[in-house]
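Report on one structure; see the data block that follows.
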Amino acid sequence: MREHHFLRRIYVITDAQHPAELDAILAAHSNVRIIDHRDAFGEHADLLPVFSSRSIETVIHRIPGLAEHFLYLNDDIFVGRKMKAEDFFDQGIPIIRGNFHRFPNIVTKWLKSKMRNARPGYNAAQRDAASLVGHRKTYLLAEHQPHPMRRSTFERYYEHREAELRAQISHRFRSADQVSPIGMSNHLEILAGARVERPLDVGYVRPNKPTGDALLEIMTKLKGNAFASFCVQSLDQMSNDDRQIVLAGLNAHYAIVSGVPITRFRHTV
């Protein structure tokens, strides 16, 4: 929020957890708040605990006090450089970013549905969300980036679909039977006339992709503001050398951005 003054509050959603690393931030900034899963699940709290991000994303619009216009970031996403409200909303309408793809033919779709039993994929969940809300020829695939959303878009969709909502959030772990709430929001906004633009410049690192010098190059680009969004996946599964490269790069970049050393940004395995 030091760099993004258009953000009024930050909600950190946890499962009855209070990360000690946030104590100093919470003490200094009343506009940063921890929200328990129960606050978002409300009358559906009997389904807890859940660990599927898709279940949780489906109810974030139910956070008490959440603004009509908000940005959603999963816990592995960083804002890479300074951005403006106009990068996310155009006259109050979310700007949707991604690339369009054609729906697969019937045979390909059947084969992919069989393969999905092993792993509920990120792409398939967005495609299924597009189909659910009425897209038939093409669907938009969004990258790992901050997602602009409207609370009322979710509210209107689920207003008379209580059973569908409960079925979506009842999965304790990520399931191929769940659609992507991000994809659902994006495709509902597209149907309502939202502008679609190319994806943000996204930096993406995960175990062994890349590694060594190539990983160091990516982290150097982050420090040079090459990425609007930056995603770090499965830090705990990286080699120790690669993990140290990532942590050093994150500390170097965000200490410069904020002007404050990030002394507690670490990872223990």
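Each residue of the sequence shown is one higher than the one before, counting from 0 in numbering that gives the first Met the number 0.
No residue lacks a Cβ here, since even glycine has one placed at the ideal position from N, Cα and C.
Next item on the list: Can you give me the Cβ contacts of Thr137 inside the same chain, cut-off strictly under 6 Å, excluding the 5 residues immediately before and after it?
Entry: Phe99 and Arg101
Item checked: Cβ distance (whole Å) where Arg8 is taken to contact Glu67 below 8 Å -> Not confirmed; about 13 Å, so no contact.
Note to self: Let me check one thing: in DSSP terms, what residues is His100 bridge-paired to?
What the structure shows: Tyr138
Checklist line | For Val11, the residue or residues it bridges with in DSSP | finding: Ile33
Item checked: Which of helix, strand or coil DSSP assigns to Ile94 -> coil
Item checked: His68 beta carbon near the ligand ADP (any heavy atom closer than 7 Å) -> Summarising the ligand content, the structure contains no ligands, and the ligand ADP is consequently not present.
Checklist line | Asp240 versus Ala247: straight-line alpha-carbon distance, rounded | finding: 11 Å
Note to self: As a quick exercise: from Ala254, Gln167, Arg194 and Asp176, pick the residue whose alpha carbon is nearest that of His43.
What the structure shows: Gln167
Notebook entry, point to check: Under 8 Å, do Ser174 and Ser51 count as touching if we go by C-beta distance?
Noted result: yes
Check: Nearest to Met218 by alpha carbon, out of Val245, Ser233 and Pro93?
Finding: Val245
Check: Between the C-alpha atoms of Thr13 and Arg194, what's the straight-line distance to the nearest angstrom?
Finding: 32 Å
Checklist line | Three-state secondary structure assigned by DSSP to Glu67 | finding: coil
Notebook entry, point to check: Who does Val49 pair with in a DSSP beta bridge?
Noted result: Its beta-bridge partners do not exist; DSSP assigns none.
Note to self: If the criterion is Cβ atoms closer than 8 Å, does the pair Ala227 and Gly97 meet it?
What the structure shows: no
Check: What separation, rounded to the nearest whole angstrom, lies between the Cα atoms of Val204 and Gln232?
Finding: 6 Å
Notebook entry, point to check: Is the beta carbon of Ile76 sitting closer than 8 Å to the one on Ala39?
Noted result: no
Margin query: As an exercise, report each continuous beta strand (DSSP E) stretch of at least 3 residues that is fully enclosed by the segment 185 to 234, in chain order.
Written below: 201 to 204 and 228 to 231
Notebook entry, point to check: Three or more C-beta pairs closer than 8 Å, one from the segment 118 to 128 and one from the segment 23 to 37: is that the case here?
Noted result: no
Note to self: Assuming Phe153 is part of the alpha helix (DSSP H), what are its boundary residues?
What the structure shows: Arg150 to Tyr157
Checklist line | Arg197 versus Arg155 - alpha carbon distance | finding: 27 Å
Next item on the list: Give the secondary structure of Phe40 by DSSP, where H, G and I count as helix, E and B as strand, and everything else as coil.
Entry: helix
Note to self: Quick check on Val58: does DSSP put it in helix, strand or coil?
What the structure shows: coil
Notebook entry, point to check: According to DSSP, which residues form a beta bridge with Phe146?
Noted result: One detail in the question is off: residue 146 reads as His in this sequence, not Phe. According to DSSP, His146 bridges with Tyr71.
Check: Under a three-way DSSP split, which group does Asp176 fall into?
Finding: coil
Check: Do you know whose CA, among Asn30, Asn73 and Ile94, lies nearest Phe229's CA?
Finding: Asn73
Notebook entry, point to check: Tell me which same chain residues have a C-beta within less than 8 Å of the C-beta of Arg165, skipping the five on either side of it?
Noted result: His43 and Leu46
Check: Taking three-plus beta-carbon pairs below 8 Å as touching, is the segment 182 to 192 in contact with the segment 84 to 95?
Finding: yes
Note to self: Within a Cβ cutoff of 6 Å, which residues of the same chain sit near Val49, ignoring the five residues on either side of it in sequence?
What the structure shows: Arg171
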